[in-house]
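Engineer: In our numbering, the protein residues as written are 804 to 997. Each residue gets a CB set at the ideal place from its N, CA and C atoms; glycine is no exception. Take this structure, written in structure tokens, and hold onto it; I'll ask about it next.
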Amino acid sequence: FSLLYIPMAKKRVRIAVLGTNGVGKTTFSEQLQKQLGNRGEEDFSEEVEFYTLQLSMNDTKVEVEVLDTEGSEQFSAMRTLCLKQCQGFVLLFSLASEQSLRDLWPVAKQIFSAKQTHEVPMVLVGNKCDLGDNNLKVAHDLAAQAEAKFGAAYFECSAKYNLNVKRPVRHLVKEILFPEDKMLEDSPTKCDVQ
């Protein structure tokens with residue numbers, strides 16, 4: 804009797820973390836990198852850094868390149884190229900700034916234009932849930948409206964305290980690799996800070 808070793812299949816996915824300055828994109832990406840991977844050996848440009856993460860899902864090893872983009876509203880040729888090359892997107896905003904959520908709509912339109920479709924895997928992530936209800940400016944009903952508008956699952960996290968950071972990325976990767984799987988493993992959640 805011998806055991807047959809069957810290695811896991813390996814896939815590669817590229818996603819981008821997008822949002823305006825000050826919403827926590829770099830902290831979000833760095834928390835992922837600390838937990839799941841390492842910093843890329845090269846930068847695409849001064850506007851884009853990348854991290855490589857290792858995930859396992861559905862008996863598949865997944866290498867995830869996470870592009871952390873500079874938050875300026877100017878879309879350079881490099882940023883447009885990144886949008887075209889990415890398979891999915893984390894749209895990050897600050898729960899303490901309604902404007903940061905509104906600023907994602909032009910970003911989403913740029914993604915739809917670069918991809919030439921509105922059927923793009925993305926997640927909407929409200930960061931800074933650790934600030935407490937008195938400091939949160941984005942009401943849950945407004946976030947739900949944005950979720951429907953973007954066609955994206957909605958999550959809340961605290962990148963600063965590493966709360967609920969991996970879940971939106973796992974959800975996004977699963978949406979990219981297994982779109983037929985209607986019951987995604989990591990269902991959207993709100994952030995619960997105790």
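So what's glutamine 890 in DSSP terms, helix, strand or just coil?
Structural biologist: Position 87 of the sequence shown, counting from 1, holds the residue named residue 890. DSSP places glutamine 890 in coil when its eight states are reduced to three.
Engineer: What's the C-alpha gap between alanine 951 and leucine 945?
Structural biologist: Translated into positions along the sequence shown, residue 951 becomes position 148. Translated into positions along the sequence shown, residue 945 becomes position 142. So the two alpha carbons sit approximately 10 Å from each other.
Engineer: On the three-state DSSP scale, how would you describe glutamate 959?
Structural biologist: Reading the sequence shown from its first residue, position 156 is the one you call residue 959. Glutamate 959 falls in the strand class under three-state DSSP.
Engineer: Looking at the structure shown, is glutamate 978 part of a helix, part of a strand, or coil, going by DSSP?
Structural biologist: Reading the sequence shown from its first residue, position 175 is the one you call residue 978. Helix.
Engineer: Quick one: what does DSSP say glutamine 919 is sitting in, helix, strand or coil?
Structural biologist: As a working note, residue 919 is residue 116 in the sequence shown. Three-state DSSP puts glutamine 919 in coil, outside helix and strand.
Engineer: Does the region 856-872 come within contact of the region 926-942, defined as at least 3 CB pairs closer than 8 Å?
Structural biologist: Touching, no, given that fewer than three Cβ pairs across the two stretches are closer than 8 Å.
Engineer: Have a look at glutamate 876 and lysine 814 and give me their C-alpha separation to the nearest angstrom.
Structural biologist: On the sequence shown, position 73 is the one that residue 876 refers to. On the sequence shown, position 11 is the one that residue 814 refers to. Confidence in glutamate 876 is poor, its pLDDT being 48 and thus under 50, which makes the residue's placement unreliable; the coordinate value appears in the next sentence. C-alpha separation (whole angstroms): 32 Å.
Engineer: Run through DSSP, which three-state label would lysine 931 get?
Structural biologist: If you number the sequence shown from 1, residue 931 lands on position 128. Of the three classes helix, strand and coil, the one that applies to lysine 931 here is coil, per DSSP.
Engineer: For phenylalanine 896, list the residues DSSP reports as bridge partners.
Structural biologist: Walking along the sequence shown from the start, residue 896 turns up at place 93. Phenylalanine 896 is bridged to Gly929.
Engineer: Quick check: phenylalanine 915 and alanine 819, are their CB atoms within less than 7 Å of each other?
Structural biologist: Working through the sequence shown from its first residue, we reach residue 915 at position 112. Working through the sequence shown from its first residue, we reach residue 819 at position 16. In this structure, alanine 819 does not lie closer than 7 Å to phenylalanine 915 by Cβ.
Engineer: Roughly how many angstroms separate the alpha carbons of leucine 839 and lysine 963, rounded to a whole number?
Structural biologist: For this step, residue 839 is matched to residue 36 along the sequence shown. For this step, residue 963 is matched to residue 160 along the sequence shown. Going from the Cα of leucine 839 to the Cα of lysine 963 covers about 16 Å.
Engineer: For lysine 837, count the other beta carbons within 10 Å of its own beta carbon; 16 or more makes it buried, fewer makes it exposed. Which is it?
Structural biologist: Indexing the sequence shown from 1 puts residue 837 at position 34. Flag for lysine 837 reads exposed.
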